[in-house]
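Visitor: Shown below is the structure under consideration.
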Amino acid sequence: MKKIPIAILGATGAVGQRMIQLLHNHPWFEIAVLTGSDRTIGRPYGELVRWVLDGNPPPEVAHLIVQPSNVVADVAIALSALPTDAAREYEPLWAAQTAVCSNASAYRMTTDVPLLIPEVNPEHVNLIDDQRRLRGWRGALVTNPNCSVIGIAMALKPLVDACGIDAVQVATLQAISGAGYPGVSSMDIIDNVIPNIANGVEEDKIETEPTKILGVYGSAAIALHTMKMSAQVTRVPVIDGHTALLSIKTNKKISIEEAHALIANFRAPELVRGLPTAPTLPLAVHTHAERPQPRRDRDAGNGMTVSVGRIRSCPINDVRMVVLSHNTIRGAAGGAILNAELLVAAGYSGSR
Ligand SMILES: NC(=O)c1ccc[n+]([C@@H]2O[C@H](COP(=O)([O-])OP(=O)(O)OC[C@H]3O[C@@H](n4cnc5c(N)ncnc54)[C@H](OP(=O)(O)O)[C@@H]3O)[C@@H](O)[C@H]2O)c1
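Going by the working numbering, the letters in the sequence shown line up with residues 47 to 398, in that order.
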């Protein structure tokens with residue numbers, strides 16, 4: 047099989063580096079183009095990158111010369127790890143010609159842009175047909191959710207399907223890698239908890255994105271789910287792994303045993319199960335009272351499995367649980383790669 051050439055936009059940042067790491071030896075994709083900002087354009091990637099992951103950049107990318115992010119390359123797929131403003135400007139240029147899988151928030155809630163988690167809402171890729179018709183694009187633009195939202199929406203999905211959800215209260219404990227590199231100052235985060243991220247914007251994302259992800263595709267748009275969400279976020283001194291504490295009000299009463307079984311038995315649709323980056327278990331349930339924990343559980347399923355624990359009744363709502371996901375893998379780079387694999391499998395990108 048000839049591999050599909052792809053570009054990584056914003057390849058020098060925290061998420062771009064994760065994309066490169068996860069694509070090493072990928073069975074379908076090969077990295078052909080890396081882009082950056084004026085700071086890095088024109089220099090070999092291996093010389094300029096300040097690699098923040100374990101080990102070194104893979105040898106196959108070290109010699110690639112960093113390209114401008116606003117010059118569209120001849121590739122089948124572009125994974126975007128650009129900051130929001132750059133994404134807003136450059137992603138549509140690429141999407142006119144190629145399939146863009148974006149991590150950025152710029153277009154997540156745009157009506158004709160799918161906000162995808164392949165295990166949860168793969169049918170939302172059909173929006174691409176509407177997008178191409180409306181915008182005259184040959185390519186496409188799809189997004190993955192905010193890094194906390196991915197774990198939350200995945201954990202809610204089995205309950206949405208089985209008993210409906212009326213309201214969710216969420217508190218998060220978010221890792222410092224979620225702020226990119228260099229991120230939060232060590233003077234601010236060591237021995238500390240910061241009760242705000244991005245001036246309330248993070249809470250807005252957690253309160254809105256799940257309603258689109260768990261909504262229903264139809265008539266060139268997603269009918270948003272009507273659940274009410276209330277979010278409070280904190281940044282904590284953990285390197286990787288976002289924890290979310292959920293209290294859920296269901297529409298129909300279910301027992302804790304049923305909730306436990308629904309989450310433990312959740313599986314991806316068949317099309318998604320065979321994708322190279324899809325984990326065997328999208329959701330793993332812990333029964334030990336002190337799990338999940340970021341350090342012990344973030345790498346489950348190569349960082350793509352979301353861990354759920356402490357499923358128990360709630361004296362105010364119906365069900366409580368703790369949800370943990372790896373923010374730069376499942377919540378960012380791995381999520382974008384899985385979206386790219388879904389586009390290939392669903393016939394929305396270059397042939398394999
Ligand atoms: N970190 C996470 O856990 C996480 C999770 C989900 C989503 N996201 C989203 O993913 C995106 C990347 O996040 P990150 O944490 O990787 O950020 P980051 O570490 O700050 O990296 C940003 C990247 O974008 C490039 N860039 C910056 N300004 C640019 C410009 N004006 N034009 C072109 N390229 C530019 C940088 O290139 P140079 O190095 O050349 O300056 C770098 O490669 C953001 O939209 C973020 O919100 C992050």
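Idealized CB from N, CA, C, for every residue including glycine.
(1) Does the Cβ of S397 have 16 or more other Cβ atoms within 10 Å, making it buried, or fewer, making it exposed?
(2) Using 8 Å as the cut-off, can you tell me whether the region 337 to 351 makes contact with the region 315 to 325, which would need three or more C-beta pairs spanning the two stretches below that distance?
(3) In the structure shown, what three-state DSSP assignment does Q113 receive?
(4) What's the gap between the Cα of V206 and the Cα of R358?
(5) What is the rounded straight-line gap between the Cα of I174 and the Cα of I268?
(6) Exposed or buried, which one is H332 when buried takes at least 16 other CB atoms within 10 Å?
(7) What does the alpha-carbon distance come out to for the pair G59 and P241?
(8) Which runs of the beta strand (DSSP E) fall wholly inside the region 208 to 242 and span at least 3 residues, in chain order?
(9) Taking the alpha-carbon positions, what's the L69 to I77 distance?
(10) Smallest Cα separation from A127: which of G82, V171, F312?
(11) Are the CB atoms of T280 and L370 nearer to each other than 8 Å?
(12) Let me confirm a value: R154 is counted as buried when at least 16 other C-beta atoms fall within 10 Å, else exposed. Which label applies?
(13) Should M29 go down as buried or exposed, given a rule of 16 or more other Cβ atoms within 10 Å for buried?
(14) What does the alpha-carbon distance come out to for the pair E336 and I196?
(15) Between which two residues does the beta strand (DSSP E) holding P51 run?
(16) Please classify S194 as buried or exposed, where buried requires at least 16 neighbouring CB atoms within 10 angstroms.
(17) Using the three-state DSSP reduction, which class does S395 fall into: helix, strand or coil?
(18) Got a sec: does ligand 1 put a non-hydrogen atom nearer than 7 Å to the Cβ of N71?
(19) Among T296, A201, P191, whose alpha-carbon lies nearest the alpha-carbon of K251?
(20) When you measure from the CB of L202 to every non-hydrogen atom of ligand 1, does any distance come out below 7 Å?
(21) Counting only the same chain and skipping the five closest in sequence on each side, list residues whose C-beta sits under 6 Å from that of Q143.
(22) Select from A392, M200, L321 the residue whose C-alpha is nearest the C-alpha of W74.
(23) Only counting runs of 3 or more residues, tell me where the beta strand (DSSP E) segments fall wholly within the region 297 to 378, in order along the chain.
(24) Do R85 and ligand 1 come close, with the Cβ less than 7 Å from some heavy atom?
(25) Using only CA atoms, which one of V107, V365, A244 lies nearest to G92?
(26) Once the 5 residues before and after M233 are set aside, which same chain residues still bring their CB inside 7 Å of it?
(27) Mind checking whether the beta-carbon of C147 lies closer than 7 Å to any heavy atom of ligand 1?
(28) Under a three-way DSSP split, which group does Q143 fall into?
(29) Which of the three DSSP states, helix, strand or coil, is assigned to T257?
(30) If you run the structure through DSSP and keep just helix, strand and coil, what is S83?
(31) Within its chain, find whatever has a CB closer than 8 Å to the CB of I300; leave out the 5 residues flanking it on each side and keep chain order.
(32) Keeping to the same chain, check which residues put their C-beta closer than 6 Å to that of E253; ignore five residues upstream and five downstream.
(33) On the CB-based measure, 16 or more other CB atoms within 10 Å of its CB, does I375 come out buried or exposed?
Guide: Straight from the coordinates:
(1) Confidence is the limiting factor: at S397 the pLDDT is only 39, short of 50, which leaves the residue's position unreliable and the question unanswerable from this model.
(2) yes
(3) strand
(4) 17 Å
(5) 12 Å
(6) buried
(7) 25 Å
(8) 211 to 220
(9) 8 Å
(10) G82
(11) no
(12) buried
(13) Given a span of 47 to 398 for the chain in the structure shown, any question on residue 29 remains unanswerable.
(14) 22 Å
(15) 50 to 55
(16) buried
(17) coil
(18) no
(19) P191
(20) no
(21) V118, R184, G185
(22) L321
(23) 329 to 331, 352 to 359, 365 to 371
(24) yes
(25) V107
(26) none
(27) no
(28) coil
(29) helix
(30) coil
(31) L205, A208, C209, L308, D364, V365
(32) M275, A277
(33) buried
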